[in-house]
Structure formats: structure tokens, C-alpha cells
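With the working numbering as the guide, the letters of the sequence shown map in order to residues 53 to 332. Here's the structure we're looking at; comments come further down.
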Amino acid sequence: MDVTTTAGIKLAAAVPTSKIFINGVQISRAVVAQEMQNHPAQKPSESWELAARALAIRELLLQRGRALGLTPTLLTDCNGRRETDDEALVRSVVEYEVRTTEPELASCRRYYEHNKHRFRSPDLYEVDHILISAAPNDTAGRAAAKMQSEALIAVLEQAPETMAKLARAHSACPSRDIGGSLGQIGPGQTVPEFETALPTIPVGTVGREPVESRYGYHVVRVNRRHDGQQLPFELVAPKITDHLRDRVHNTAICQYISALADKADITGVVLHPYNSPLNQ
């Protein structure tokens, strides 16, 4: 038995056997199986359920679009891909029947006040480091790299002025040529492991433990920290407006689909409760 056949047997055993009908229109198991690639999940049964719901909702919207007599123009996205007829009809139904209002200024300001922590400029750090490199799968090499890093930290605790000298002698990072200096760094400029460690190191000191990353072990000194600043409401208001508009619109779509489902004859798939696959 080949792998493809085995996978098919496992899938068949994991997914529901009931047939899916939306107002008398059947959605075949083959179509659901093909749609599963767009809905990854930990279990095949979960992926099947997500795919079946997405297709059921799509069929509901297509039927509604035909009932309304909509004849949308096909649009082309920024990559030059042109909509299919069904995609255009689904889009036009939502545009035609789901109407929402613009967020009020008071709502935007209230959201800002309740979520101020989200609207700050990032903290920036001025950092020196020494990288003792070791491959991720080199157990012995990583153990040795950690020991060497710990030894360098011990030296720096006694003689912090030797950072540049030690970086030039031991670091595997190109920053060794400038004494290990990384300059001023912010979010996204280093690997996550390194970035996460920075707030835990007191300014003007070397971290007491080496920082492990995929590249090896880092001896890290934080020279300065520039705290992020609270961004004024006026600066972030457009972003908040977009967020609230999208949230209200997505909620309205879910409510609209629920209303369609309540009036439809649906078997073989459950649509409540759910988040609309149109928004996933």
C-alpha cells in the first residue's frame, strides 16, 4: 500500500460521513477534501470541519447573489490575479448587503485610552555583544560555547573595559571589527531570543547569563536604553479607525451569514457558532 493510499484511508476514517446539502445543493466530499489545504489544523477532522463550513458559507452567499441577480465586474488584485466568477459574486453580495457606519471619534478615543500600551514608540537599546558560535545540532559544541561565554562574562564583571578587546579576539559576529558594537537596535533587528533578553539586562552592565540563540551564545552588554514614548492620539487615530472599522465590518458579516443560515435548509455541517471564513 503506497503512502497516498494510506493517507486517504486515514482521512476517510477521521472525517464525518454525512452528506452536506445547502438548500438542496450538495457539496461533495471531494470538494471538501480539496478545500482542506486552505484550513490547516492539528487533526484532519478539524481541518475537514473548517473546510466544510467555509464551502457551506460560500454556497449560501452564491445562492443569495444569484437570487439578487447581481452581475459583478471581475476585479484584478495588485499581483495581476483576476477574480473568478464565484469570488466576484461572493464579494458583491457582501458589498451589497452588509452595510456598516464609520467609527465615531469618541469610540476611537475610548479605544485609545483603554489600549495606550499598544501605542508607544519602541524601546531602543545601544548594545555590545560577543558571539560564541555553535550550530543548533552540535550538542558538544554548544556546551563548549556556553562555558566559554560564561568565562567571558566572569572576566567582564571584573574588567568591563575589556569588552572591545575580547570581542575582537573571540566573537564570531562581524561586529567584532568595531569592538562588538551593534549600535542602536530596536524590535525586529535581532533574533527573538536576543531581543527578549535585552529588557532583563540592567543598563551599563553585562548580562549575568549568556543569551542562547540559534547561532550560539551571546555575551551581551546594554550600554543605554532609550524608552519608547507614548504616541499622541492624533497620530494613531487613522490606525484605530481602520481597526475599528474592520472589526465592526467583520462582526456584521458574521451576523449576516448567521441570518442567511437561519433561513436555509442545511444538513451535514454546523455553522453556529463560528468566525466567518471570509475573514480568515
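Think of the CB as a built atom: it goes at the ideal place given N, C-alpha and C, for glycine as much as any other residue. Keep in mind it's a predicted model, so treat the numbers as computed, not measured.
- About 5 Å separates the beta carbons of Val145 and Arg116, which is inside the 8 Å limit, making them a contact pair.
- At least 7 Å separates the beta-carbon of Gly231 from that of Ala249.
- Secondary structure of Gln210 (DSSP, three-state): helix.
- The three-state secondary structure of Gly235, taken from DSSP, is strand.
- DSSP assignment within the stretch 85-117 yields no whole alpha helix (DSSP H) run of 4 residues or more.
- DSSP places Thr191 within a helical segment (H, G or I) once states are collapsed to three.
- Of all C-beta pairs linking the stretch 197-209 to the stretch 253-260, three or more are shorter than 8 Å, placing the two stretches in contact.
- Within a 10 Å sphere around the beta-carbon of His181 sit 16 or more other beta-carbons, which makes this residue buried.
- Taking a 10 Å sphere around the C-beta of Leu102, we find 16 or more other C-beta atoms and assign the residue as buried.
- Take the alpha-carbon of Glu154 and the one of Phe285: they are about 18 Å apart.
- Around Glu245, the same chain offers Val263, Glu264, Ser265 and Arg266 as residues with beta carbons nearer than 8 Å, after the five sequence neighbours per side are excluded.
- In this structure, DSSP gives Ile253 a state outside helix and strand, which the three-state scheme calls coil.
- Put simply, the stretch 182-192 does not touch the stretch 307-320. Fewer than three CB pairs are less than 8 Å apart.
- Going by beta carbons, Leu114 and Leu141 fall inside the 7 Å limit.
- One alpha carbon belongs to Ile72, the other to Lys198, and they sit about 58 Å apart.
- Closest option to Ile205, judged by alpha-carbon separation, among His270, Arg161, Ser227 and Ala195: His270.
- Judged by DSSP secondary structure, Gln307 falls within the alpha helix (DSSP H) whose first and last residues are Phe285 to Lys315.
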